[in-house]
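**Q** Quick note: the sequence shown uses UniProt numbering, first residue 1, plus one each step.
Glycine residues also receive a C-beta, built at the ideal position from the N, C-alpha and C atoms.
Let me give you the structure first, and then I'll get to my questions.
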Amino acid sequence: MTTYRVASIPGDGIGVDVQREAQAVLDTAAQRFGFGLEWTEFGWSCERYAEAGSMMPADGIETLRPFDSVLLGAVGFPGVPDHVSLWGLLIPVRRAFAQYVNLRPVRLLPGTTSVLAGRGADELEMVIVRENSEGEYSELGGRHNAGGPGEFALQESVFTRVGVERIIRYAFELARTRQHRVCSATKSNGIIHTMPFWDEIFAEIAAEYPDVESEQLHIDALAARMVQRPDLLDVVVGSNLFGDVLSDLAAAITGGLGMAPSGNINPEGEFPSMFEAVHGSAPDIAGRGIANPVAQILAAAMMLDQLGEKAAGEAVRGAVQTVLDAGAVLTPDLGGTSTTGQLGSAIAEAIQSGRNS
């Protein structure tokens, strides 16, 4: 029996609550499909930062390197600036392990309604392919003349040909498995160097895929398209910043962040990939048993896909759909009264019994 070593980082807030349910669901799927999961938990979090001055130990990256995958709850807590928690854990892991694809599939699931009036599930299903390792999220720059009238901050973006080519090519390859449509997010009318560079490479790669319909839209027009005509979108590819913003918008119109999974993927498999929900740590509801675990469970299903256990991943997604469609066990954000644990248990039971839509 194949056994996968998985690093579990529950993190902060509701990350701890939803991680517990995701692991239980995956254990059920592993038992049903005949493989093993060996979990190792790491208490890397804002709580650790408050105690030790760092989100993870100095050898954290090397500690994670031997694992097959990483499942992350969420990070962030009042008192610790967001840039500290992000740059102290998430971004170092993404870059050290060349997780240059941030994959965020979004779709309207049963039991949820869209904020867009009159839009059904057949119109609200897309995937955001976000460049995850360079772009606007760069460490280059600084603040100068602090406190004086001439104080200024300088932030440099980094777009390499290798980085842009590989993320756009990934999007086109993905589109070939879907509806054969790719839309690129740009802003080349206002950002004079990096975005024309992005556009040129997009056009070069699009020419290699004559079977895939391609278009590019400025980020503002694309945001409007996502709200007005989401049915026209299939695969959306964007830079680090644009992909980040668009994926939250896409999640918002398909049921909310509590339903949206995310994968930080190293496509070549040279390093472990890392999976997480799109939502944050929501410390205001942490420990109250009302957090929706669906996004984290769907992120765990993405992890199974990446490990090669695609049948198990499909079973997890099917079980989620079955339980939500039945409507008997829903957390408060979905209009129900069930707890985090009750929804997680219902999904696990659906997998165990084979009740998958």
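If you follow the alpha helix (DSSP H) that phenylalanine 242 is in, where does it begin and where does it stop?
**A** Counting along the chain, the alpha helix (DSSP H) containing phenylalanine 242 begins and ends at 240-253.
**Q** Report the rounded CA-to-CA distance for histidine 144 versus isoleucine 192, giving the unit in angstroms.
**A** Taking the straight line from one Cα to the other gives about 24 Å.
**Q** Please name the residue, chosen from Leu307, Ala312 and Ala346, that lies closest to alanine 326 on a Cα-to-Cα basis.
**A** Here the closest residue by C-alpha is Ala346.
**Q** For tryptophan 39, does the count of other Cβ atoms within 10 angstroms reach 16, so buried, or fall short, so exposed?
**A** The residue is exposed, with fewer than 16 neighbouring Cβ atoms inside 10 Å.
**Q** First and last residue of the beta strand (DSSP E) that includes glycine 36?
**A** It spans 36-41 - the beta strand (DSSP E) in which glycine 36 sits, taken as one unbroken run.
**Q** First and last residue of the beta strand (DSSP E) that includes serine 214?
**A** Counting along the chain, the beta strand (DSSP E) containing serine 214 begins and ends at 213-218.
**Q** Apart from the five residues just before and just after arginine 5, which ones in its own chain have a Cβ nearer than 6 Å to its Cβ?
**A** For arginine 5, where only same-chain residues beyond five positions count, the Cβ hits under 6 Å are Glu38, Phe67 and Asp68.
**Q** Do glutamine 342 and valine 18 come within 7 Å of each other at the CB atom, strictly closer than that value?
**A** Not in contact: valine 18 and glutamine 342 (Cβ atoms no closer than 7 Å).
**Q** Just curious, the alpha helix (DSSP H) that tyrosine 4 is in, first and last residue?
**A** Looking at the DSSP string, tyrosine 4 is not in any alpha helix (DSSP H); the run it does join, the beta strand (DSSP E), is 3-11.
**Q** If I follow the unbroken alpha helix (DSSP H) through threonine 340, where does it start and stop?
**A** Segment 340-353, the alpha helix (DSSP H) holding threonine 340.
**Q** Thinking alanine 282 and isoleucine 9 are a contact (beta carbons under 8 Å), I'd like their distance in whole angstroms, please.
**A** In fact, because the Cβ distance is near 17 Å, the residues do not count as touching under 8 Å.
**Q** Determine the closest residue to tryptophan 87 out of Arg107, Glu123 and Cys46, with distance taken between C-alpha atoms.
**A** Residue Cys46 is the option with its Cα nearest to tryptophan 87.
**Q** I need the straight-line Cα distance from serine 273 to glutamine 99, nearest angstrom please.
**A** In a straight line, the C-alpha of serine 273 is about 6 Å away from that of glutamine 99.
**Q** Cα-Cα, which of Phe152, Leu307, Ala277 and Ser133 is closest to glycine 141?
**A** Comparing Cα positions, the closest option is Phe152.
**Q** Helix, strand or coil for glycine 76 per DSSP?
**A** Residue state, collapsed to three classes: coil.
**Q** Check for me: the beta strand (DSSP E) holding asparagine 262 runs from which residue to which?
**A** Sequence check: residue 262 is serine here, not asparagine. Per DSSP, serine 262 belongs to the beta strand (DSSP E) from 261-265.
**Q** Any chance you could list the beta strand (DSSP E) runs of at least 3 consecutive residues sitting entirely within the stretch 149-212, in chain order?
**A** With a minimum length of 3 residues, the continuous beta strand (DSSP E) runs that stay inside the stretch 149-212 are 152-155 and 181-186.
**Q** On the three-pair Cβ rule with 8 Å, is the stretch 240-255 touching the stretch 205-217?
**A** The answer is no - the stretch 205-217 does not touch the stretch 240-255, with fewer than three Cβ pairs under 8 Å.
**Q** Just grab the DSSP bridge partners of leucine 71 for me.
**A** Answer is Ser8 and Phe275.
**Q** Evaluate arginine 65 with the Cβ neighbour count: other Cβ atoms within 10 Å of its Cβ, from every protein chain shown; 16 or more gives buried, anything less gives exposed.
**A** It counts as exposed.
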